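Data block below; observations after.
There are 2 protein chains.
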Amino acid sequence: MSGFAYYNGEFYPLDGLSIPITNRAFYFGDAVYEVFLGVGEAVYQCEEHISRLFSNLRKLSIPLLYNKEEITALISHTMKKSGIGESLVYLQVSRCAKERRHSALNTAHDLLITVSPYSLKPSEERISLITHDDLRYYYCDIKTVNLLPSVIASTEAEKAKADEAVLHRGDTVTECAHSNIAILKGNRLLTHPANNLILPGITRKNLLKACVKERVPFEERPFTVSEMMEADEIIVTSTTRAGRLVGKIDGKSVGGRATDCGESLCKILYEQFAQFKQQNLTL
Amino acid sequence: MSGFAYYNGEFYPLDGLSIPITNRAFYFGDAVYEVFLGVGEAVYQCEEHISRLFSNLRKLSIPLLYNKEEITALISHTMKKSGIGESLVYLQVSRCAKERRHSALNTAHDLLITVSPYSLKPSEERISLITHDDLRYYYCDIKTVNLLPSVIASTEAEKAKADEAVLHRGDTVTECAHSNIAILKGNRLLTHPANNLILPGITRKNLLKACVKERVPFEERPFTVSEMMEADEIIVTSTTRAGRLVGKIDGKSVGGRATDCGESLCKILYEQFAQFKQQNLTL
């Protein structure tokens, strides 16, 4: 894994980095994380990510020794030291304990930041999805590394040569294995409410703001698998891929009936980042 | 953490052991594990544990380079090298990959075995539980390290000075955060069926065998929180604690109405291990 890392006060090449077995992510998945897009020393939508990180730390009662300003400065410092121009920044806060025991009382915590080369490109081709049962837990609003159900669904997607798996609890579409999802129907955008069944994605929020800009009415309400299959367009959003239109689900052609609107929304998501990149890429 | 470890072909003191960040347990909880009781070089109920391990590896399509005999020999060898008489053996198989990506296709895997001093004692005092919503995923039959909901429930239990948390999906009791649970009512034992909502515990199976021995009819069917609160006895089972009777749930006195029967069943579970220990403790 090429890249650069900060771990508990020291800097390392990412390749060859080892983590003490006292890290409870290893035994329990007891960790929260964030993924950022970076340009030079600047993090795209830093405040939103850091705010979500701190909210998740609070939900799991993980005390972090840094405040928001300090952690932001530390991320920037790590990015600077990495010397990487455009990057993907991964941050993970785990709890640590000498003994393997379930309770998290009286544990310490550790902090990992990794910086790897990554360049967000505008999406040109429509992507394909498979549908998969959403068999996850009921803490989906917290960005933790308890990600095995997403691993299982993503593996099935890759086996089927698809790009992502769209998850449904019963008949209700929630989100994708590692993205949010929205549909356009009758020039109206629908996406699952940001409750404990989905991750409140930052690009999902950007999409809703893009709707305001484009005067597309939107509603945060659950929709069904059938509604999705018959939607005018289906938009998948994530930090690392911005917005992408869907062309196939389970091998069937979908969407393509509101292409102008779908493409405009995706374009806004990409251009917002491109503008940020323009402002910060000095390396 | 005092103890001894095998990791990917090498032996180490457990204290100070580090794991490469390419281990996907760290990013995704992409690992299965087993916990065994050990005496000298012998593992208690080894065949049952190894059989469950291989079943879980199959469920997640993790190929292990060893067959059952080889892994058993490796565990024994690690126990022997540890020089620890009575032990807790922890085994974890994780998937590994250079890049952090959700899909598990084209990943390698690694193997950790740790041996720590541990001595199973007969349970003398009744334990106390708290009730907690079962917010876990729907892969509870697979023993994976996606254990954050159990961490949350166990932490709440410890905060309340209780020994364990009993989980319920809606009104249905499933199991505890890291144990199975059964109730006695009218000289009949009830425990949740071994489906995807609970871990098929090996001590749970021993308990059902003990019922046969003690001529206690049993039924594998879900029971409710109210049925549990009004049960004659409540029995919590796990590898590391054998069988324990419950005295309190959420601060209310429970059970105590079929003490002879409950104690007999727990005694059988402990004595079965004690006999094994007698046969194997030569150190």
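Protein sequences appear in the order of chains F and A.
Offset between the first sequence (1-based) and the working numbering: plus 738.
Offset between the second sequence (1-based) and the working numbering: plus 738.
Think of the CB as a built atom: it goes at the ideal place given N, C-alpha and C, for glycine as much as any other residue.
Just so we're clear, the structure is a prediction, and the values are computed from it rather than from any experiment.
Closest Cα partner of residue i within the set the options
i, options, result
"Ser976/F", "Leu1019/F, Ser841/F and Leu937/F", "Leu937/F"
"His1026/A", "Lys897/A, Met967/A, Gly939/A and Leu922/A", "Nothing about residue 1026/A can be reported from this structure: the residues present for chain A run from 739 to 1021 only."
"Val777/A", "Phe792/A, Ser740/A, Leu829/A and Val853/A", "Val853/A"
"Glu808/F", "Leu798/F, Ser789/F, Arg796/F and Glu824/F", "Ser789/F"
"Asn884/F", "Thr962/F, Phe764/F and Ala780/F", "Phe764/F"
"Leu755/A", "Lys986/F, Glu896/F, His815/F and Glu837/F", "Glu837/F"
"Arg864/A", "Arg839/A, Val974/A and Tyr750/A", "Val974/A"
"Met967/F", "Gln1013/F, Leu843/F and Ile868/F", "Ile868/F"
"Lys943/F", "Ile757/F, Gly908/F, Glu786/F and Tyr782/F", "Glu786/F"
"Val827/A", "Ser892/A, Ile851/A, Glu957/A and Asn925/A", "Ile851/A"
"Gly994/A", "Pro955/A, Leu935/A, Thr962/A and Lys923/A", "Lys923/A"
"Leu829/F", "Ser991/F, Lys819/F and Asp848/F", "Asp848/F"
"Pro955/F", "Ser964/F, Leu945/F and Val963/F", "Leu945/F"
"Glu824/F", "Ile813/F, Ala842/F, Leu775/F and Leu812/F", "Leu775/F"
"Val984/F", "His930/F, Asn918/F, Asn933/F and Val770/F", "Asn918/F"
"Ala769/F", "Leu905/F, Cys834/F, Tyr750/F and Ile972/F", "Cys834/F"
"Cys878/A", "Arg762/A, Pro931/A, Gly981/A and Ile822/A", "Pro931/A"
"Ser799/F", "Thr893/A, Gly747/A, Tyr856/A and Thr941/A", "Thr893/A"
"Tyr856/F", "Phe742/F, Thr910/F and Glu902/F", "Phe742/F"
"Tyr748/F", "Ser820/F, Arg979/F, Tyr771/F and Gln1013/F", "The sequence as given places Glu at residue 748/F; Tyr does not occur at that position. It is Ser820/F."
"Pro860/F", "Asn1018/F, Leu1019/F and Ile1006/F", "Ile1006/F"
"Cys934/A", "Ser814/A, Asp872/A and Asp901/A", "Reading off the sequence, residue 934/A comes out as Asn, not Cys. Closest by alpha carbon: Asp872/A."
"His815/F", "Gln1016/F, Val781/F, Phe792/F and Leu795/F", "Val781/F"
"Arg762/F", "Ala842/F, Cys999/F, Thr810/F and Gln1010/F", "Ala842/F"
"Asn805/A", "Phe961/A, Leu791/A, Leu928/A and Lys797/A", "Leu791/A"
"Gly981/F", "Ala948/F, Ala891/F and Glu772/F", "Ala948/F"
"Pro887/A", "Arg959/F, Phe766/F and Ala898/F", "Phe766/F"
"Ile813/A", "Asn746/A, Arg839/A and Arg874/A", "Asn746/A"
"Ala811/F", "Tyr1008/F, Glu779/F and Thr929/F", "Glu779/F"
Local conformation of residue i per DSSP, three classes
i, result
"Glu786/F", "helix"
"Glu851/F", "Reading off the sequence, residue 851/F comes out as Ile, not Glu. Note: Ile851/F maps to strand in three-state DSSP."
"His815/F", "helix"
"Leu1021/A", "Any reading at Leu1021/A needs caution, since the residue's pLDDT is 49, under 50, leaving its predicted position unreliable; the model's value is listed next. Coil, per DSSP."
"Ile940/F", "helix"
"Ile800/A", "coil"
"Gly776/F", "strand"
"Tyr744/A", "strand"
"Ile868/F", "strand"
"Cys834/F", "strand"
"Ser841/A", "coil"
"Leu1007/F", "helix"
"Ala763/F", "helix"
"Thr977/F", "coil"
"Ala1012/F", "helix"
"Glu862/F", "coil"
"Ile880/A", "coil"
"Gly985/A", "strand"
"Ile757/F", "strand"
"Pro751/A", "strand"
"Asn805/A", "coil"
"Ser1002/A", "helix"
"Leu873/F", "coil"
"Leu885/F", "coil"
"Ser793/A", "helix"
"Ser857/F", "coil"
Neighbouring residues, chain F, relative to residue i (Cβ below 8 Å)
i, result
"Asp768/A", "Leu885, Leu886 and Val889"
Chain-ordered chain A contacts of residue i [CB-CB under 8 Å]
i, result
"Tyr897/F", "Tyr is not the amino acid found at residue 897/F; the sequence shown has Lys there. By Cβ distance, chain A contributes Leu843."
Neighbouring residues, chain F, relative to residue i (Cβ below 7 Å)
i, result
"Thr882/A", "Leu886"
"Thr893/A", "Ser841, Ala842 and Leu843"
Per-residue contacts from residue i into chain A (C-beta, under 7 Å)
i, result
"His906/F", "Those do not exist, as His906/F stays about 13 Å from chain A at its closest Cβ, beyond 7 Å."
"Leu873/F", "Tyr875, Tyr876 and Tyr877"
Cutoff 8 Å: residue i Cβ touching any chain D Cβ
i, result
"Pro751/A", "The structure shown contains no chain D; the protein chains it does contain are F and A."
### Query
What residues in the segment 749-768 of chain F bring their beta carbon closer than 9 Å to a beta carbon of chain A?
Leu752, Asp753, Gly754, Leu755, Ser756, Ile757, Pro758, Ile759, Thr760, Asn761, Arg762, Ala763, Phe764, Tyr765, Phe766, Gly767 and Asp768
### Query
At a Cβ cut of 7 Å, what residues of the segment 914-941 of chain A count as close to chain F, listed as they run along the chain?
Ala915 and His916
### Query
Considering only residues of the segment 888-964 of chain A, which uninterrupted alpha helix (DSSP H) runs meet the minimum length of 4 residues and lie entirely inside it, listed in chain order?
940-951
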